[in-house]
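Take a look at the structure below.
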Amino acid sequence: MSVIQVHDKSFETFLSEETIQKRVKELAVAINNDYKGKQPLFIGILNGAFMFASDLFKNLEIDAEICFIKLISYQGTKSAGKVVTSIGLMEDVHGKDIILIEDIVDTGKTLNDFLPGLRHQQPASLKIAALLHKPDATEYPLIIDYLAFSIPDKFVIGYGLDYDGLGRNLKEIYQLV
Ligand code: 5GP
Numbered sequence: 002m003s004v005i006q007v008h009d010k011s012f013e014t015f016l017s018e019e020t021i022q023k024r025v026k027e028l029a030v031a032i033n034n035d036y037k038g039k040q041p042l043f044i045g046i047l048n049g050a051f052m053f054a055s056d057l058f059k060n061l062e063i064d065a066e067i068c069f070i071k072l073i074s075y076q077g078t079k080s081a082g083k084v085v086t087s088i089g090l091m092e093d094v095h096g097k098d099i100i101l102i103e104d105i106v107d108t109g110k111t112l113n114d115f116l117p118g119l120r121h122q123q124p125a126s127l128k129i130a131a132l133l134h135k136p137d138a139t140e141y142p143l144i145i146d147y148l149a150f151s152i153p154d155k156f157v158i159g160y161g162l163d164y165d166g167l168g169r170n171l172k173e174i175y176q177l178v
């Protein structure tokens, strides 16, 4: 196990690159099967989901589109409790099969705030793919259709996730010591 320092905090390895890549491929296989003959639109939620979205998308064999939105809810290692849309959705989702790509579902507030507006635009279907879920932290329960890992309620970084801007480039996922 390796320990790294980011800003003022120490983090230890939690999920290896190999473990992450294997699981992301498994999710892609499930999506390939479920969406055979369809052409879903993936909506990645920036910033944290960019790496997961990229790897998931690379492993798809169906025709699919992708776009990104930016929702901000975190400051440092704590949820700010308020969700701000800083890049909104430009695409018309009406009648489309939508798969939202989220890095981590923590309290569930981000998706809980965003989903009603999306449903209002009447997509043909709406599913959620998330890299991580912290069930013990969830205050707004929701169904995650494609979940890579369920994890303890500890702050994590790496593979797209940051601590105050740093750590996103790590290939592994690290947990706060
Ligand atoms: P929620 O609204 O579900 O509480 O939080 C969702 C967002 O908070 C995630 O998309 C992510 O940006 C951020 N977040 C939640 N938990 C963590 C964590 O452990 N590490 C990092 N880096 N971000 C987190």
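Per the working numbering, the sequence shown runs over residues 2 to 178.
Every residue gets a Cβ at the ideal spot worked out from N, C-alpha and C, and that includes glycine.
Of the residues the options, the one placed nearest residue i, counting alpha carbons only
i, options, result
"L116", "A138, T86, D137", "T86"
"P41", "K71, K128, E140, H134", "K128"
"A29", "I73, F58, K83", "F58"
"I105", "L143, Y36, I63", "L143"
"V94", "S74, P124, I88", "P124"
"L90", "Q122, N60, E62, S74", "Q122"
"D64", "N48, G38, I88", "G38"
"K172", "N60, D98, S17", "S17"
Own chain, CB closer than 8 Å to residue i, minus 5 neighbours either side, in chain order
i, result
"D137", "P153, D154"
"Y141", "T108, G109, K110, L112, N113"
"H134", "I105, V106, I145, L148, F150, S151, I152"
Neighbourhood of residue i by C-beta distance below 7 Å, restricted to the same chain and skipping five residues each side
i, result
"L167", "V7, H8"
"G188", "The requested residue 188 does not occur in the structure, where the chain is confined to residues 2 to 178."
"N34", "none"
Sequence-distant residues of its chain with Cβ nearer than 6 Å to residue i (five each side left out)
i, result
"I100", "P41, F43, K128, A130"
"R169", "G161, D163"
First through last residue of the beta strand (DSSP E) which encompasses residue i
i, result
"L28", "First-last for L28: 18-35, but that is the alpha helix (DSSP H), not the beta strand (DSSP E)."
"S151", "147-151"
For residue i, the first and last residue of its enclosing alpha helix (DSSP H)
i, result
"K59", "51-59"
Does the contact criterion of 3 or more C-beta pairs under 8 Å hold for the region 6-25 versus the region 157-177? Output reads yes: the region 157-177 touches the region 6-25.
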